[in-house]
Amino acid sequence: MFICNWLLPVGLLSLLIGLPLLPDRSVYHKLFYALIAAPTLVALCVRPRELGQLLREPIIGVFLAYAAWALLSIAWSDTDASIGSLLKRPLYILMLLAGCCMLAQQSQQRFARSILIAAVVILPISLYSLGDFVTDWGPGARLVGTGALDNPLLSSHLFGFFCTLWLGLAMSLPRQQGWLAVLPVLVLAAMLLATGSRTPILAATLAGAWLVLAYWNKRSIALTLFGLVALLALLLLYPEALLSRGTSYRLELWQDAFGKISQRPWLGFGLDASLEIQLPGLSVPLSEPHGFAISVLYYTGIVGLCLWLAMHLAALRQCWVNRGNYLFIVAGALMVYGIGGGLTEGGGILARPKEHWFLTWIPLALIAALSFTQRTSEART
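Mapping the sequence shown onto the numbering used here, position 35 (from 1) lands on 44, and the numbers just tick up by one.
Next comes the structure, spelled out in C-alpha cells:
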C-alpha cells in the first residue's frame, strides 16, 4: 500500500525531526496532517477491517476511553473553544497511534528505519546548535535550538527523547555497534545540559534505571557507574545546573493547583477549562500547573487520571513482558523518559503536535505499534 510504504514513513520522520528543521510550527502541523493524519484516515476508510483490529489493541482502547471521557467533560467546561476544534484534538492523536500501527504492521523494517534515520539526522542538527550556542555564549544563556524551536525547556523534550533513544541503542545493540551509539549519547546529553533544564536530567536518570533493570548485565553495571560518576561530576563542576534556581515555583504552582482540584476532584473542570495560577512576584498569571498528571487531574478529575495512568501502565507492561525484544525495551525507555519529563512540565492534555508529544503520545504510539504488530503476527500463525 502506497500510504504505508511511503507516506507514513516520511510522515513519521517529519514528525520526529521537523521542529528543529522547519521555519515555523504551522508548516510542522501541515506536514503532520498531510503525511500522517489524512493518509491514515483514508487508509482506515479503504480498509475498515483494520479499524476493528486496532480497537483490540489495549493501548488504543484505553486511549479511546480516556479521550471519550475528556470530550464528555466539555459539558461542564467553561471553555470558549468551538466543539469542532476540541473534537479534532483526540482525532489527531488517534491517527498517530493508528498510523504507527499500520506502518509497523506493513513493514516493521520501514518503521524502525524511519526512527533510526531521524536519530541520525538529529546529530548534525545538535552539533550545529551546540556550535552556535558556544560561539554566542554568555552568562545565563540557555540553548534553544534551530527551526521552530523557541523555548529551552520545550527543546529539551525533543533532545532528551533522542538521547534516550541512543542510550537504549547503546545498551541493546551488539558490542561493536553499541559502542558507536556512545558518542551520540554524549552529544545529546551535552544538548540537554546546554538547555539549562533540570527536568530532563531527572527523566534521563529514570530512563537509565529502566534500561538497567531490563538489561541486567555488564553494560547495566557500566551504565550505573557512569551515571553516578556523571552526577557527581555535575554537582562538583557545574552545581548551578541543578541547584541554582531552587524549585522554580513548582511547589507553589502545585499547591495552588491542588487547591483548585479539591473543589472538583472526581470530574475535574472539563477539557480546555480556564486555569489561572497567580504566584507572588509574577505580574502575569500562569495557565498551566507544570505537571502533566496534575493537568489531567485538573481537567478530567480522578476518573480521567485513572484512565491516563491505565494507558501508560498498559504500555509499560507490554514493554516489560516483551523485554526479550530490544525494540520494546528502547520504546519503554522513551516512555519512562516521558513520564519523568512530565513530572514538572506539561499543560494541554490533548493538543496538536508539539514538543510535549515527545513525552507522551509519540512513545505511546511506538509501543502501540510494536504491540499491535506482534499481536497480529501471532494471530496469523
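Beta carbons are placed, not taken as given, at the ideal position from N, Cα and C, and that holds for glycine. Just so you know, these numbers come straight off a predicted model, no measurement behind them.
For the alpha helix (DSSP H) that contains I134, what are its first and last residues?
Q117 to T144 is the extent of the alpha helix (DSSP H) around I134.
Quick one: Cα of Y42 to Cα of A179, how far?
33 Å
When the Cα atoms are used, what is the spatial distance from I92 to L284?
19 Å
Please specify which runs of the beta strand (DSSP E), each continuous and at least 3 residues long, are wholly inside the region 319-345, giving them in chain order.
none
Rounded C-alpha distance that separates L4 from C110:
For residue 4 there is no data in the structure shown, the boundaries of the chain being 10 and 390.
Go ahead and pull the three-state DSSP assignment for I358.
coil
Is it a yes or a no for the region 148-168 touching the region 202-217, going by three-plus beta-carbon pairs under 8 Å?
Taking 8 Å as the limit for Cβ pairs, the verdict is that the region 202-217 does touch the region 148-168.
Tell me whether L295 sits in a helix, a strand or coil according to DSSP, three-state version.
strand
Under a Cβ-count criterion, where at least 16 other Cβ atoms within 10 Å of its own Cβ denotes burial, should I69 be classed as buried or exposed?
So I69 ends up on the buried side.
Hey, out of F278, G154 and L197, whose CA is closest to W78's CA?
F278
Using the beta-carbon count (16 or more within 10 Å), is P294 buried or exposed?
Per the 10 Å Cβ criterion, exposed.
From R122 to A113, what does the alpha carbon distance come to, in whole angstroms?
Taking the straight line joining both Cα atoms gives about 11 Å.
On a CA-only basis, which of M320, N14, T369 and V36 is nearest A157? Give me that one, please.
V36
Where Q327 falls, given that 16 or more other Cβ within 10 Å makes a residue buried:
buried
Alpha carbon to alpha carbon, how far is L22 from W366?
14 Å
L195 versus L136: straight-line alpha-carbon distance, rounded:
11 Å
So which of N226, W275, T353 and T88 has the shortest CA-CA distance to V312?
Minimum Cα-Cα distance from V312 among the listed residues N226, W275, T353 and T88 corresponds to W275.
Is it buried or exposed, C172, if we count other Cβ atoms within 10 angstroms and call 16 or more buried?
buried
Give me the Cα-Cα distance between P48 and F120, rounded to the nearest whole angstrom.
16 Å
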